[in-house]
Amino acid sequence: MIALDVIQKAIFQKLSTTGNITSFCGVYDLIPENASFPYVRVGDDRAVPWETKSFDGHQVTSTIHIWSAYKGKKEVKNIISLVDNAIRAGLTLDAGYTMDFWRLSSANILEDDRYQHGVLTYTFRIVQR
435 MIALDVIQKA IFQKLSTTGN ITSFCGVYDL IPENASFPYV RVGDDRAVPW ETKSFDGHQV
495 TSTIHIWSAY KGKKEVKNII SLVDNAIRAG LTLDAGYTMD FWRLSSANIL EDDRYQHGVL
555 TYTFRIVQR
């Protein structure tokens, strides 16, 4: 089984139950039409096999998007820090899975005329036991 859903569920669970995030912004898998800014969307994943004779696993790259309508980068940078701190505190995976390795691959802030868009990309190695 590919671990994409395992990682997305763990990230969503962590972010949507971390009080200093949810008191500040919404956390979504699918952004509702009536969502107000700021918010976080969990998604955009990629998995490649990472296995040996003794275990099956995947290296999963997962991207988290932060959207802000604040007129500057302060708000999106604050949310990036909150999200990264929550991920660093640890994720709980479904039974039968363990995390062998993880790292922050990149953090970016993109800007258009109206919004600030933070992009965090993490790499996880997930093993099915």
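Numbering-wise, our numbering comes out as the position in the sequence shown, counting from 1, plus 434. Note that beta-carbon positions come from the ideal geometry of N, C-alpha and C, so glycine has one too. Quick caveat, the model's predicted, so the values are computed rather than measured.
Residue j beta carbon less than 8 angstroms from that of residue i
i, j, result
"ASP479", "ILE441", "yes"
"THR456", "ALA520", "no"
Per-residue DSSP class, three states only, for residue i
i, result
"SER457", "coil"
"SER515", "helix"
"SER470", "coil"
"GLU397", "Since the first and last residues shown for the chain are 435 and 563, residue 397 lies out of range."
"SER488", "coil"
"ARG475", "strand"
"ILE436", "coil"
"ILE500", "strand"
With 16 other Cβ atoms within 10 Å as the buried cut-off, status of residue i
i, result
"GLY530", "exposed"
"LEU516", "buried"
"VAL482", "exposed"
"GLU509", "buried"
"LEU464", "exposed"
"ALA503", "exposed"
"LEU538", "exposed"
"PHE558", "buried"
"LEU544", "exposed"
"LYS448", "buried"
message: Tell me whether the segment 521-540 and the segment 460-475 touch, counting them as touching only if at least three CB pairs, one residue from each stretch, are closer than 8 angstroms.
response: no
message: Check whether the segment 544-553 and the segment 485-505 touch, using three or more Cβ-Cβ pairs below 8 angstroms as the test.
response: yes
task: Report the residue ranges of all beta strand (DSSP E) runs contained in full by the segment 519-557; include only those spanning at least 3 residues, in chain order.
output: 531-545
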